[in-house]
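S.K.:
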């Protein structure tokens with residue numbers, strides 16, 4: 008029995024070691040904070056390790072991603088509840104509640120823009136464009152319909168486009184660096200192109 012447990016552990020450690028950078032990158036996009044991202048990955052891997060022998064070997068990545076996203080969404084729900092209930096606490100108890108980093112303290116524009124999205128929408132955008140998963144895979148991972156994933160993606164990208172920290176960067180990158188060329192006429196029809 009002990010030998011079998013060592014074999015299973017021997018499979019988990021190499022997987023966790025090779026998946027660590029990819030998972031931290033995804034978690035960093037989800038959380039916006041590197042320390043919190045590493046903690047999120049550790050928690051997700053610990054949960055996966057507890058169920059390691061029951062996970063089909065061809066679905067390991069799916070289970071790890073699902074654990075990562077569900078852990079993140081659970082934390083976001085708890086934080087939201089704490090924020091909402093903090094106003095109801097007496098002043099003495101309110102001082103004991105730790106203050107998390109505000110979005111204004113975040114360094115990069117993408118981090119600030121992603122932080123403005125609701126947790127589930129942010130997870131969909133990160134999984135779709137950060138991890139490159141298909142809508143069907145995300146729907147299966149989150150336990151929702153592909154239409155819900157499409158709606159979250161569309162709304163999330165629309166919010167990112169108009170977010171002040173990204174809007175300035177997008178305007179600067181799409182502004183023509185040289186004057187546009189004059190409209191040309193088609194040699195036969197004379198239509199402008």
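Numbering (the numbering used here), first residue to last: 8 to 200. Even glycine gets a Cβ: it sits at the ideal position worked out from N, Cα and C. Since we're looking at a predicted model, the values are computed, not measured.
1) Are the beta-carbon atoms of residue 44 and residue 35 separated by less than 7 Å?
2) Round the Cβ separation of residue 132 and residue 155 to the nearest angstrom and send it over; I've been treating them as touching at under 8 Å.
3) Identify, in the order they occur along the chain, each residue of the same chain with its Cβ nearer than 8 Å to the Cβ of residue 22, setting aside the five sequence neighbours on each side.
4) Can you say whether residue 72 is buried or exposed, counting buried as having 16 or more other CB atoms within 10 angstroms of its CB?
5) Taking the beta carbon of residue 78 as the centre, do at least 16 other beta carbons fall within 10 Å, making it buried, or is it exposed?
6) Give the C-beta separation of residue 165 and residue 153 to the nearest angstrom, bearing in mind that I take them to be a contact with Cβ-Cβ under 8 Å.
7) When the Cα atoms are used, what is the spatial distance from residue 53 to residue 59?
8) I need the DSSP call for residue 74, collapsed to helix, strand or coil.
9) Under the three-state reduction of DSSP, which class applies to residue 174: helix, strand or coil?
10) Determine, using beta carbons only, whether residue 147 comes closer than 7 Å to chain D.
11) With C-beta atoms as the reference, is residue 76 less than 7 Å away from residue 130?
M.R.: To lay it out plainly:
1) yes
2) Actually they do not touch by this definition, with Cβ atoms about 13 Å apart.
3) 67
4) buried
5) buried
6) Their Cβ separation, rounded to whole angstroms, is 19 Å, which puts residue 165 and residue 153 out of contact at 8 Å.
7) 10 Å
8) helix
9) helix
10) Absence of chain D from the displayed structure is noted, only one protein chain being present.
11) yes
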